[in-house]
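Numbering (UniProt numbering), first residue to last: 1 to 222.
Just so it is clear, CB atoms sit at the ideal spot from N, CA and C, and this is done for glycine as well.
What follows is a single structure, written as structure tokens, with notes after it.
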């Protein structure tokens, strides 16, 4: 059985799933909004120093402070019910995922998005999908990243779960996924700009057949 890897954000769905969830949480709560405004200098420093994991953890903490794990999952459910994620899936991604599953491939979504968010979105697509996402832990009354499934960590998390072998194709929109793309026999770049395409070609060379596709946004998106 072949393994097929997909990124989630901007590869299967047309936005950054955690960012959109946190913006909704922060923007609709005056206390969290004030806290976010007070934290802007710290956030700016983390962004400037390219500390992606710490940046995402700080934003996640602001958006979840005082929330319990059970109520976090309830908040995810309410948010996704209001979003209707099926309307934001790329139709071509849906077709590709289902085609792989129907021919007997194991489809694994490997994403920096929180495991709880990614699992809920993928369930709306197909229950046969395996999800490897970022895990969370509680710190100082809120949630932060425990394992951030990003960049090289995507590969290490796949290895921990014994899912890194036999990968025949990987799909992604981002050069940050190069480590994941490089363990695949073939690569599909989704909606990549020219700079990203050159990075992928330069890093992969002739090691793996590479194609680039343009997938349109889903109908009736909100």
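Could you pull the DSSP bridge partners for residue i from this structure?
| i | result |
| --- | --- |
| residue 27 | According to DSSP, residue 27 bridges with nothing at all. |
| residue 190 | 213 |
Here's a check: name, in chain order, each residue in its chain whose Cβ is nearer than 6 Å to the Cβ of residue i, leaving out the five neighbours to either side.
| i | result |
| --- | --- |
| residue 222 | Note on residue 222: pLDDT 48, under 50, position unreliable in the model; no value is reported. |
| residue 59 | 22 |
| residue 80 | 120 |
| residue 13 | 88, 89 |
| residue 138 | none |
| residue 8 | 109, 111, 113, 118 |
| residue 140 | none |
Taking the Cβ atom as the reference point for each residue, do residue i and residue j lie within a distance shorter than 8 Å?
| i | j | result |
| --- | --- | --- |
| residue 147 | residue 164 | no |
| residue 213 | residue 190 | yes |
| residue 20 | residue 62 | no |
| residue 178 | residue 72 | no |
Closest to residue i by C-alpha separation, out of the options, would be which residue?
| i | options | result |
| --- | --- | --- |
| residue 196 | 186, 144, 173, 75 | 173 |
| residue 26 | 84, 171, 55, 65 | 65 |
| residue 145 | 185, 37, 54, 86 | 54 |
| residue 215 | 150, 28, 188 | 188 |
Could you name the residues of the same chain whose beta carbon sits closer than 8 Å to that of residue i, not counting the 5 residues immediately before and after it, in chain order?
| i | result |
| --- | --- |
| residue 103 | none |
| residue 10 | 16, 173, 174, 190, 191 |
| residue 39 | 58, 62 |
| residue 105 | 1, 2, 3, 4, 168 |
Which same chain residues end up closer than 7 Å to residue i when comparing Cβ atoms and leaving out the 5 residues on each side of it in sequence?
| i | result |
| --- | --- |
| residue 115 | 131, 133, 134, 135 |
| residue 183 | 155, 164, 167 |
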